[in-house]
Every structure is written in C-alpha cells, then in structure tokens.
Amino acid sequence: MSFAERDERTTMSCCAVGCTNRFNKFDKNRKFYRIPSTRTPFKANRRRLWLQAIRRSDWNEQIIKNATICSDHFISGEASDDFDSPDFVPSIFPYSTQSVKDGDTKLERYKRKRQRDETPRRCPDNGHQSTSTSLSPNDCEIEPEAMVPKAVHDDLKQKYSQLHTECDNLRVDINKLKAENEQLRATVRSTQFSFASIQCKAAQVLFFTGLTSALFNWTLHAVKDSVEVVRGSLTLEDHLLAILMKLRLGLTNKDIAFRFNVTQCDISNILRSWLPVLSQTLKPLIKWPSKHAILKNMPNCFKRKYKRCRCIIDCTEIFINRPTNLTARAQTYSNYKSHNTVKYLVGMSPAGAITFMSSGWGGRVSDKQITAESGFYDLLEVNDEILADRGFTIRDELALCGATLRIPHFTRGKKQLSAQEVETSRRLSNVRIHIERIIGRWKTFRILTTVVPLSQVDLLDDIVIVCAALTNICKCIVPRK
C-alpha cells in the first residue's frame with residue numbers, strides 16, 4: 001500500500017463518526033490507517049474522497065495528521081490502492097445508505113474484473129487440430145470485456161512513454177534556461193554599479209573612495225560588526241562604498257541612489273546608520289601623541305629650529321546652506337568667507353598626522369575662542385611649542401600652560417620687518433605650510449568643499465572625523481628627511 005499503517009499503539013482510535021473502535025493488541029484482524037497525504041495529486045484526491053466519506057471535510061492539517069480510521073469501514077476489511085476497488089475509499093458507516101449486500105456485490109464485481117484483466121486471451125480446445133494455418137474468427141472465443149482494459153493499458157503506456165520523453169526534453173530546456181538566466185544575471189551584476197563591479201579595478205576603487213582596496217577592506221572589517229545593516233538589495237561593501245562616494249566625491253543622495261538603483265531614502269538611512277558608527281570606530285586614529293612619540297618621529301625640517309614643536313594648528317571652515325532661524329544664521333555667518341559656515345580647529349603633528357579635531361562651531365567664532373573652548377589647552381605640557389598663524393592671539397593662554405607660541409611677525413607699527421624677522425617668518429612659513437597641505441588633503445573629500453544641506457549639518461562632526469581619520473591612514477605628506 002502507498003500509505004502505512006500507524007505504529008502508535010497508545011490512544012489510537014477510529015476517527016469515523018459514531019465509531020468507538022480503539023487499538024487492541026489482542027485483535028489482530030482490525031487495522032488502522034492514516035488519512036492519505038497530499039504529496040501527489042493522486043493522493044490529494046484520495047484524501048478529499050476519504051474526508052467526504054467520513055464527513056470530516058472541515059478538518060485542518062494538524063487534526064488530519066493525527067487521525068486514523070479502522071478497517072471495519074472497508075468492505076473487504078482492508079484498504080486498497082486501486083482506484084477501481086470499492087475499498088479505495090471507506091464506505092461502511094452507520095449513516096451510509098449502502099447495504100452490506102451492495103458492498104459485497106461491488107467487491108465481487110471488482111474481483112471478477114481483476115481476474116479478467118489478469119487472464120490472457122486464449123483459444124478454446126475444440127477437440128481437433130487445425131490443418132490450416134489461418135484461423136476463422138469463429139474458432140477463438142474472445143471475451144469482449146477483456147479487450148477494454150488492455151487497450152486502456154496500452155494507450156496509457158504509450159502516453160506515459162510520450163510524457164516521459166516530453167519531460168526529458170523539458171528538463172533539457174529548463175537546464176538551458178537556467179544557464180542562460182545565470183549568465184544574464186552575471187551580465188546585469190557586471191553592468192550594475194556596485195562594489196563587486198569595481199573591486200578588481202584598483203584605480204576605480206581609489207577614485208570613488210579615496211582609499212586603496214586594502215584600506216577599504218580594512219575599514220569594512222573594522223566597522224561591520226558594529227553597524228546596523230539597512231535592509232535592501234545592497235551588500236555591506238555597497239553601503240560603505242556609497243558613504244565613501246558621498247564623502248570623497250561630494251555627490252548628492254539622489255545621484256548615489258540612481259547609481260545603486262535604490263531610493264534616496266535608502267541612501268539617507270545608510271548615511272545616518274553608518275556615519276556615527278564610522279566616526280566612533282575611526283576616531284582613535286586621530287590621536288594626540290606623547291612627547292616621546294613626537295621626538296621619535298620628528299622630520300629633519302623641524303629638528304633644526306623647531307625641535308620642541310608639539311603641534312601646528314589652524315582653523316578651517318565648511319560651507320552650509322543659510323539657516324532659516326535668524327539666531328543660527330547670525331552665529332554661522334563668516335565675515336572672512338562671506339558665507340554661512342561651520343568652523344573647526346585642526347591640529348597636526350610635525351610628522352604630518354592630524355592629531356586634534358574640535359567640534360564644529362558657527363563661522364562667526366574667532367580663532368582664539370574656538371581654541372579656548374575646544375579643550376586644546378588641556379592637552380599641552382610644559383615646554384611645548386605651538387606653531388600657528390597670526391590670527392591666533394593666544395600667547396598668554398599658552399604661557400599659562402607653560403607652552404610657547406610661534407607665529408609670523410607683524411608689521412603693525414612698523415614700516416617693514418627687519419631682516420632677522422623676515423628670515424624667522426620665512427623659516428616658520430616653510431614648516432607651517434604643512435598644516436595647509438594636510439588640510440588640503442583632508443579636503444580632497446569633496447563633501448568638505450561643497451555646501452552642506454541643513455538636513456545633514458547634524459552629521460557634520462561625524463563627517464569631518466571620518467575624513468580626518470581616513471586622511472591619517474593615507475601616505476604621509478611630510479618628508480622624513
């Protein structure tokens with residue numbers, strides 16, 4: 001049979017309406033059967049007929065799974081897999097209109113039919129041998145009913161063979177289509193912009209991200225366990241690529257969304273999810289070094305005249321859209337840039353690394369105020385030397401920390417500088433120019449040279465930290481010799 005008798009011997013009972021039969025290990029004649037499964041259309045149809053017969057059509061799958069029916073409801077006392085058998089479906093029930101006699105009649109008719117199907121056609125023995133090689137139609141007695149099942153069998157056999165051939169052909173076609181589909185997918189993946197489409201092209205990775213492939217992978221490895229992944233079709237590599245393209249190329253969210261075939265909202269969510277994590281993870285790369293580390297890595301151009309130099313400082317401004325709030329508009333307006341800006345204090349070690357980055361301030365704030373409010377003085381030690389521009393009038397504040405300020409000489413109150421002052425200012429400018437170069441490299445991340453929308457100003461501190469940290473892991477701009 002195509003379905004197994006149940007083996008669970010405890011609490012096994014018949015599910016037919018009005019039947020109280022339960023499993024009894026001493027009753028060897030009574031069997032219990034599962035309701036047919038739905039694995040094939042044949043079995044599914046059989047299940048439907050069984051449920052109709054036992055009046056349980058409203059049952060769900062869980063009930064059907066645990067239900068059994070006893071052999072008392074089958075005419076022969078046993079279920080049959082043959083569709084023509086009267087025991088293909090249980091039929092003996094108290095509410096059934098079929099009598100026992102009708103059931104026996106159907107069973108006998110079925111047995112005779114099976115016997116006819118299994119009996120080969122034969123010629124009767126008429127008591128003499130034929131002397132002719134040809135036979136008269138009257139010489140053989142053929143049961144007409146026996147021809148129908150064989151004809152049906154032959155027809156089904158032929159159809160089965162045809163279907164088998166068609167299935168084989170369809171399998172071949174399916175395999176071809178699968179291969180073609182995979183090839184087209186690969187073509188789409190190669191033409192659609194993603195990290196996978198550029199990862200083998202070092203020049204493109206450097207152009208879009210500002211990093212080498214090795215540094216890109218290092219950055220991804222550093223943050224992938226901390227970032228909250230934004231659901232969508234993009235991979236983690238694509239997320240980081242989109243952010244670095246935003247920082248490196250200064251692209252709009254709409255441009256990036258178009259390139260990656262996603263929505264602007266997706267790109268905005270990625271930025272807000274990744275930038276704080278990137279900033280927090282990469283911030284340790286902006287480290288205030290010890291005096292020992294400064295001296296150990298001091299370039300020759302500083303050793304001659306500025307061997308006590310601890311840091312070179314300067315301020316830089318980033319343009320933003322004009323705020324609608326009048327107070328914010330006044331606080332961010334920079335007279336120097338004639339634009340609304342956010343101002344940052346940047347510190348660089350003699351070796352060429354960004355070692356200090358303040359929080360953002362309105363462009364109206366002075367260099368002196370931002371230096372005092374940023375916490376820069378708390379990092380200084382006695383005998384430190386700070387190089388700066390003329391705008392940093394912080395000599396007295398540094399003196400309180402035991403540090404010295406070196407700035408170019410003023411011509412204020414003089415017609416011209418003395419030869420010694422000119423030479424001193426020239427030497428100072430030769431080394432102080434490195435802070436301008438490091439800020440210039442920092443601003444190769446073009447988002448720092450564009451006008452930042454007001455909707456992204458709250459991310460600006462994270463943006464400048466990430467750009468500064470990535471600048472630090474690139475090649476140093478100050479020659480060691």
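Quick note on UniProt numbering: the sequence shown kicks off at 1 and runs consecutively. Using N, Cα and C, we set each Cβ at its ideal position, and we do this for glycine too. All of these numbers come straight from a predicted model, not from anything done at the bench.
Euclidean distance between Cα positions of residue i and residue j
i, j, result
"Phe83", "Asp168", "28 angstroms"
"Leu428", "Ser418", "15 angstroms"
"Lys287", "Asn383", "20 angstroms"
"Pro323", "Leu454", "7 angstroms"
"Lys283", "Asp396", "30 angstroms"
"Ile407", "Thr449", "27 angstroms"
"Gly347", "Arg185", "50 angstroms"
"Leu398", "Gln192", "56 angstroms"
"Asp173", "Thr38", "28 angstroms"
"Leu459", "Ile447", "12 angstroms"
"Val457", "Arg304", "43 angstroms"
"His73", "Phe32", "10 angstroms"
"Ile386", "Lys291", "13 angstroms"
"Asn24", "Pro90", "21 angstroms"
"Leu470", "Arg231", "26 angstroms"
"Leu405", "Lys368", "13 angstroms"
"Glu108", "Ile64", "32 angstroms"
"Ser2", "Lys28", "With a pLDDT of 42 at Ser2, under the threshold of 50, the modelled position of this residue cannot be trusted, and the question is left open."
"Val355", "Val205", "It should be pointed out that residue 355 corresponds to Thr in this sequence rather than to Val. Rounded to whole angstroms, Thr355 to Val205 spans 27 angstroms at the Cα level."
"Asp155", "Asn21", "44 angstroms"
"Asp266", "Ala242", "11 angstroms"
"Ile477", "Gln183", "46 angstroms"
"Ala222", "Phe208", "20 angstroms"
"Pro36", "Leu275", "58 angstroms"
"Arg114", "Arg30", "25 angstroms"
"Val188", "Ala468", "36 angstroms"
"Tyr377", "Thr424", "25 angstroms"
"Asp81", "Arg34", "13 angstroms"
Endpoints, beta strand (DSSP E) assigned at residue i
i, result
"Arg310", "309–319"
"Arg34", "32–34"
DSSP-derived helix/strand/coil call for residue i
i, result
"Thr332", "helix"
"Cys15", "coil"
"Cys70", "strand"
"Ile294", "helix"
"Lys343", "strand"
"Thr235", "coil"
"Ser136", "Confidence at Ser136 is low in this model, with a pLDDT of 48, below 50, so the placement of that residue is unreliable and no value is reported for it."
"Thr355", "strand"
"Arg322", "coil"
"Val457", "helix"
"Arg56", "coil"
"Val431", "helix"
"Ser96", "coil"
"Val172", "helix"
"Val422", "helix"
Start-to-end residues for the alpha helix (DSSP H) that takes in residue i
i, result
"Val277", "264–282"
"Val89", "It is not in any alpha helix (DSSP H) - Val89 carries neither H nor E in the DSSP assignment."
"Gln52", "41–53"
"Phe302", "300–303"
"Asp84", "Taken as a continuous stretch (DSSP letters only), Asp84 belongs to no alpha helix (DSSP H), as it is neither H nor E."
"Phe260", "253–260"
"Asn472", "460–472"
Residue i at chain B interface by Cβ criterion, 8 angstroms
i, result
"Gln331", "Note that chain B does not occur in the displayed structure, where there is just one protein chain."
Task: Segment contact, 8 angstroms Cβ cut-off, at least three pairs: the region 41–56 with the region 15–31 - done: yes
- [ ] Say whether the region 321–339 touches the region 296–307, bearing in mind that this needs 3 or more beta-carbon pairs closer than 8 angstroms, one atom from each stretch.
- [x] no
- [ ] Within the region 358–416, note down every full beta strand (DSSP E) run reaching 3 residues or more, in order along the chain.
- [x] Correct list: 385–387, 404–406.
TODO: Assess, as a yes-or-no matter, whether the region 311–331 is touched by the region 428–438 under the definition of 3 or more beta carbon pairs within less than 8 angstroms.
DONE: yes
Open item on the list: Within 8 angstroms, do at least three Cβ pairs link the region 230–238 to the region 185–199?
Closed with: yes
TODO: Tell me the start and end of each unbroken alpha helix (DSSP H) in the region 179–241 that is at least 4 residues and wholly inside, in chain order.
DONE: 195–198, 202–209, 213–223
Open item on the list: For the region 441–448 against the region 172–180, do three or more pairs of beta-carbon atoms, one drawn from each stretch, fall closer than 8 angstroms, so that the two count as touching?
Closed with: no
Task: Any 3 or more C-beta pairs closer than 8 angstroms across the region 355–368 and the region 262–276 - done: no
Task: Inter-stretch contact (C-beta, 8 angstroms, three-pair minimum) for the region 212–221 and the region 255–267 - done: no
Open item on the list: Assess contact between the region 68–77 and the region 37–48, defined as three or more Cβ pairs (one per stretch) separated by less than 8 angstroms. Is contact present?
Closed with: At 8 angstroms Cβ cutoff, the stretches do not touch.
Open item on the list: With three or more beta-carbon pairs closer than 8 angstroms as the criterion, would you say the region 341–356 touches the region 456–475?
Closed with: yes
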